[in-house]
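J.: I'd like to ask you about the structure that follows.
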Amino acid sequence: MRKQEARRPAMTGNMPFLVVGILFFLGLYAILFERNLIKIAIGITLLEASANLLLIVLGYRTGGSIPVFTLAGDVQTMTLPTPQALTLTAIVIGLATSALLLSLIMMLYKHYGTLDVREIRRLRG
Amino acid sequence: MNWNIHLPALIIAVPLLGAFAAPLAGLGGKVTRNIWFVAVSIATVALSIMLWQHVQAEGVVVYVLGGESWNLTLPSGLSWPIRIILEVDAFSAFMAIVGSIAAMAGAFFSLRFMERFSGLDKFVSLYFLLMAGMLGMELTGDLFNFFVFLEIASVASFGLVAFWRDRPEAVEAGFKYMIVSTVAAMLVLIAVGFFYGRYNAVNMAAVARMMHFGYPEKIALVFLVTALAMKCGAVPMHMWTPDAYTEAPAGVTCLLVAVSQASLYGLFRVCFSLYGASLGSSVVPWTIIVLGVLSMFIGVTMAVIQKEIKRLMAYHSVSQIGYILLGLGVGLLALKDPQAMADYGFTAMKGGIYHLFNYTMYKGLLFLTAGALFYAAGSRNLNDLGGLARVMPHTAFMFVIAAAAIAGLPPFNGFVSKLLIYESTFAVYPVLAIAALVTSVLTLASFVKVFQTAFLGPAKSVFANVREVPATMLVGMSILTVVVIGLTLLPTWSLANLVEPAAKALVDQAGYISAVMGGGL
């Protein structure tokens, strides 16, 4: 009974990492095996989401409040601010890459008239 | 107050300023833009040479961005570094010189080469952004900052690879490169997350000091090695290299070669300075050696059968990257054992680092000559070209120098670095040296073929009106030619002054750590 109680917070504490793993492998699967360019782009955004989620989760402390001294009030624990700053940077970079990725897909569609990777193969050998 | 303490930040700031002011310079017309393009790239070379001298004199240089003082790495008596810290040792400074020289040559070459196309303000902006990203990767001492610069360089290079967006092939190459590189960048970010989770730090020196080689570190190492090997174009993920190098404008390809070296720099910074002696087993060194041998061999065999001149050269870059991986991998293998290090490890590292310099110079030059052929004759196909040595004597001369250097003919610089690699790898496993020799022979064969078909042979009537390329393009090529000849004539000087300090800095993990963690003030 006590053993179970002790284990439960640890399990829920690890849940976000499980989600990170699932998102990561879903993204990787989409990039490696999907044939539609848009789906590949979705795979890339899933990878980005998993990396961002990982950073945020690493900075979380149970029961922690916002890491701003003047607003946090009378609390003992705060979440860590660094990963949040890192994540913000990563989100901005992710936005830039996604926009560029989609615009390249648009140009590919204009040139080839298809979104199927098997037909966009002028370069090889 | 001595201003050269600010050099590490200036080297990144100058190209960044160059990038964002390029549209402004473009308002002043073509001449202003060209002057800006050339002036900023020359300034960057000058700064990187000054930084190198500064590092020679002072040892490892640190620079705290946004701190009260430039050298306050551990503020308010904390025992861990906060803020972004640039950390420049002899290896970083060496890489900055290599990268900025290649960038300057590419800039001169692009002046006339790109003249026929529109959107040149954006071209110059992206070019400088790519430069800033590359130099940032080479000078930073912070893992997350490394990721940011990696992304800056990647995003700029997607734009440049797909610059001729009317060509379907260029967009396709840019897209392929983008997928590979974004996945690699995400792997780097996740690895950074692992380090943060374990040590609450993203500074390389701080992480290196606390490193315990457990499971999270192993996973992070796998992620980092995979990602950076993908980005530098080593074999299993090399397929973006020929496409991107072929489709990018020639001046950009010259810079892209230097940018791939920045990923290689990251790989070795991670292996030597971040993990260093705590890399218990020899699995990682052997992985790098095997990747190196595969890259050498597969790269060169793919190159021999190519018909398109830039594609052929791009496959040769895969094989040349293999030499560098082989040399530094052997050095990593010998890292734990001082005797092995003295016997062959250090020679291998010197060979690898010297080859890195040589490779960037002659490969950049080869891509520029290919660009010159394309500019003058309008074709990159070896079946069409022929007899061009008569009308393009300067280009032909520089091509011969670069081809002799890449094939490792004595007395050229490529021979010196390859000899160091043969010598040291022979001590580990003779098979490695044999693989390297066979690769070298195939490289020679393939460049003899290019020279024979493109430059020699009867004059073709199609090329009756072909003239030598304009002067600024020749200047771009001759910068690299002068460096190649300089390295050829002064191998002892460059080994003792450029390469050896870099190799020593890479081995000296304690020095790298103490520059940030040793009190700072």
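From first to last, the protein sequence lines are chains A and B.
For the first sequence, our numbering gives the first residue as 125, with consecutive numbering after it.
For the second sequence, our numbering gives the first residue as 47, with consecutive numbering after it.
We treat Cβ as the ideally placed atom computed from N, Cα and C, and that holds for glycine.
1. Name, in chain order, the residues that DSSP records as bridge partners for residue 160 of chain A.
2. 8 Å is my cut-off, CB to CB: does residue 289 of chain B come that close to chain A?
3. Determine the contact status of residue 485 of chain B and residue 363 of chain B, defining contact as a CB-CB distance below 8 Å.
4. Taking the C-alpha atoms as reference points, what is the distance between residue 180 of chain B and residue 504 of chain B?
5. Taking residue 413 of chain B as the query, report the chain C residues whose CB atoms sit under 9 Å from its CB, ordered along the chain.
6. Measure from the C-beta of residue 214 of chain B to each C-beta in chain A and report whether the shortest distance is under 8 Å.
7. Taking DSSP's pairing of strands, which residues face residue 186 of chain B in a bridge?
8. Suppose the cutoff is 7 Å on Cβ atoms and the five residues either side in sequence are ignored; what does the same chain contact list for residue 77 of chain B look like?
9. Just verifying my parser: in three-state terms, what is the DSSP assignment at residue 161 of chain B?
10. Could you check where the beta strand (DSSP E) with residue 109 of chain B kicks off and where it finishes?
11. Quick one: does residue 566 of chain B have its CB under 8 Å from some CB of chain A?
12. On the DSSP bridge assignment, give the partners of residue 138 of chain A in chain order.
13. Less than 8 Å between the C-beta atoms of residue 174 of chain B and residue 417 of chain B, yes or no?
14. Taking buried to mean at least 16 other C-beta atoms within 10 Å of its own C-beta, is residue 149 of chain A buried or exposed?
15. Using the three-state DSSP reduction, which class does residue 15 of chain B fall into: helix, strand or coil?
16. Can you find a C-beta in chain A that's less than 8 Å from the C-beta of residue 228 of chain B?
17. So what does residue 202 of chain A bridge to, in DSSP terms?
18. Under 8 Å Cβ-Cβ, which residues of chain B neighbour residue 213 of chain A?
19. Against chain B, which members of the stretch 193-210 of chain A pass a CB distance test of less than 8 Å?
20. Does the CB of residue 104 of chain B have a neighbour CB from chain A at under 8 Å?
21. Note down the Cα distance separating residue 160 of chain A from residue 154 of chain A, rounded to an integer number of angstroms.
22. Please classify residue 231 of chain A: does DSSP put it in a helix, a strand, or coil?
23. Under 8 Å between beta-carbons, which chain B residues line up against residue 231 of chain A? List them in chain order, please.
24. What residue range does the alpha helix (DSSP H) around residue 327 of chain B cover?
25. For residue 427 of chain B, which residues in the same chain have their Cβ closer than 7 Å to its Cβ, ignoring the five residues on either side in sequence?
26. Please state the DSSP three-state secondary structure of residue 263 of chain B.
27. Would you tell me roughly how many angstroms separate the C-alpha atoms of residue 241 of chain A and residue 50 of chain B, rounded to the nearest one?
28. Return the residue from the list A:208, A:189, A:209 that minimises the CA-CA distance to residue 296 of chain A.
29. With a threshold of 8 Å, are at least 3 pairs of Cβ atoms found where one atom belongs to the stretch 512-525 of chain B and the other to the stretch 154-171 of chain B?
30. Out of curiosity, what's the CA-to-CA distance linking residue 152 of chain B and residue 172 of chain B?
31. DSSP three-state call for residue 514 of chain B: helix, strand or coil?
32. Let me know the secondary structure DSSP gives residue 354 of chain B once reduced to three states.
33. Using the rule of at least 16 other Cβ atoms within 10 Å of the residue's Cβ for burial, across every protein chain shown, is residue 120 of chain A buried or exposed?
34. DSSP on residue 246 of chain B, reduced to helix/strand/coil?
35. Tell whether a beta-carbon distance below 8 Å holds between residue 278 of chain B and residue 414 of chain B.
36. Buried or exposed, going by whether 16 or more other CB atoms sit within 10 Å of the CB of residue 549 of chain B?
T.: Let me lay it out:
1. A:240
2. yes
3. no
4. 43 Å
5. The structure shown contains no chain C; its protein chains are A and B.
6. yes
7. B:132
8. none
9. coil
10. 107-110
11. For residue 566 of chain B, the pLDDT reaches just 43, beneath the cut-off of 50, and the residue's location in the model is therefore unreliable, although a value from the coordinates is still provided. No, residue 566 of chain B does not count as interfacial toward chain A.
12. DSSP output for residue 138 of chain A lists no bridge partner at all.
13. no
14. exposed
15. Residue 15 of chain B lies beyond the range of chain B shown here (47 to 567); nothing can be said about it.
16. yes
17. A:189
18. 190, 194
19. 204, 206, 207, 210
20. no
21. 9 Å
22. helix
23. 208, 211, 217
24. Where residue 327 of chain B is concerned, there is no enclosing alpha helix (DSSP H), given that its DSSP letter is neither H nor E.
25. 353, 354
26. helix
27. 51 Å
28. Outside the shown range of chain A, which is 125 to 249, sits residue 296 of chain A, and nothing can be said about it.
29. yes
30. 13 Å
31. coil
32. strand
33. What the structure shows of chain A is the stretch from 125 to 249, and residue 120 of chain A is not part of that stretch, so it cannot be assessed.
34. coil
35. no
36. buried
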